[in-house]
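**Q**
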Amino acid sequence: MKTLEIKDLYVSVGDTEILKGINLTIKSGELHALLGPNGHGKSTLLQSIMGNPKYTVTSGQILLDGEDVLAMDVDERARKGLFLAMQYPPEISGVTISDILKEAINQRRDTPVSLYKFIKELEDATKEVDLPLDIVHRFVNEGFSGGEKKRNEVLQMLLLKPDFALLDEIDSGLDVDALKAIGDAINKMRSNENALLVVSHYARLYELIAPTHVHVVVNGKIAISGDSEIITKIDTLGYEWLKDEYGIEITKEETKENKRPQILGQCRVKAKGTA
């Protein structure tokens, strides 16, 4: 069993502290749903796990089977089995989807994948996410609709078979048919050998993928954890019930998380003098 542990994680963007002591453990075979008001740290957590240099970890740990993830560059995190489906996938001109996928797959193998196996898996995966096969010969996300970009992220997940998949609002902007295709693809990928952390505002996606664990992030911390009953309650009542039931005050002035596309580079190291 593989384990991803986030321990007392504090993260800042510039002078603004966004995460304020996140604790979370994810194990193989689990699917964790992450909910919360906009701007309270959900995307920050996923970006920090993957190593976006915009986010500075000031304290805490991220461990993958006991190894220090924060000491790894982004490419090493990917080779170790971490994967991020971005909320705003960037366009990469001059690089085709098939080329980048084949290279990424080979980075996690001792020997290169055979051409026959690669093409067969590519055909199967495009059908799963309802994309035409010829789209893999186009430059990454260039000229894609919003829905095509999101489905391309899931296509990459199916081909790369990560141990831990982080999905950041992969369902936003999708119509009903596309949402079902994404839900089916996530369910097909699930096994006792991998785990997912899924951020979404929509109960419909969670109905399709049936999370094993549910967490609500408020003011940079996990306010409550439980099962799918939490999703039903939020879908019905919003987040104000947290104050009445748990005494949790939701900061009205939301933390401003950058909504522009980010291309991952070398991870930023912890600030000096922090734990």
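Under my numbering, the very last position in the sequence shown is 275; numbers go up by exactly one each time. Every residue gets a Cβ at the ideal spot worked out from N, C-alpha and C, and that includes glycine.
(1) Indicate the three-state DSSP secondary structure (helix, strand or coil) for K233 in the structure shown.
(2) Note down, one range per segment and in chain order, each beta strand (DSSP E) of at least 3 residues found wholly within the region 160-218.
(3) Is it buried or exposed, N192, if we count other Cβ atoms within 10 angstroms and call 16 or more buried?
(4) L122 to L31, Cα distance in whole Å?
(5) Locate the alpha helix (DSSP H) running through Y246, then write down its first and last residues.
(6) Please classify K7: does DSSP put it in a helix, a strand, or coil?
(7) Is it buried or exposed for M1, if we count other Cβ within 10 angstroms and need 16 for buried?
(8) Tell me, which residues are paired with V74 by DSSP?
(9) Could you check the C-alpha separation between S59 and G226 for me, to the nearest Å?
(10) Return helix, strand or coil for E254, following the three-state DSSP convention.
(11) Between which two residues does the beta strand (DSSP E) holding Q61 run?
(12) Can at least three beta-carbon pairs, one atom from the region 114-132 and one from the region 149-157, be found at a separation below 8 Å?
**A** This is what the structure holds:
(1) Counting from one through the sequence shown, the residue named residue 233 turns up at place 233. Residue state, collapsed to three classes: helix.
(2) The beta strand (DSSP E) runs of length 3 or more contained entirely in the region 160-218 are, from start to end of the chain, 164-168, 195-199 and 213-218.
(3) Translated into the one-based positions of the sequence shown, residue 192 becomes position 192. The residue in question, N192, is exposed, as its Cβ has fewer than 16 Cβ neighbours within 10 Å.
(4) Taking the first residue of the sequence shown as 1, we reach residue 122 at position 122. Taking the first residue of the sequence shown as 1, we reach residue 31 at position 31. If you take the alpha carbons of L122 and L31, they lie about 25 Å apart.
(5) Counting from one through the sequence shown, the residue named residue 246 turns up at place 246. From DSSP, the alpha helix (DSSP H) with Y246 extends over W241 to Y246.
(6) Walking along the sequence shown from the start, residue 7 turns up at place 7. DSSP, read as helix, strand or coil, puts K7 in strand.
(7) As a first step, residue 1 must be located in the sequence shown, where it is residue number 1. M1 comes out exposed.
(8) As a first step, residue 74 must be located in the sequence shown, where it is residue number 74. Paired residue(s): none; V74 is not in a bridge.
(9) Here residue 59 is taken as the residue at index 59 of the sequence shown, counted from 1. Here residue 226 is taken as the residue at index 226 of the sequence shown, counted from 1. Rounded to the nearest whole angstrom, the CA to CA distance from S59 to G226 is 26 Å.
(10) Taking the first residue of the sequence shown as position 1, residue 254 is located at position 254. With a pLDDT of only 45 at E254, under 50, the local geometry of the prediction cannot be trusted, and the value read off the model is given with reservation. Under the three-state reduction of DSSP, E254 is assigned to coil, being neither helix nor strand.
(11) As a working mapping, residue 61 is identified with position 61 in the sequence shown. Unbroken beta strand (DSSP E) run through Q61: T56 to L64.
(12) The region 114-132 is in contact with the region 149-157.
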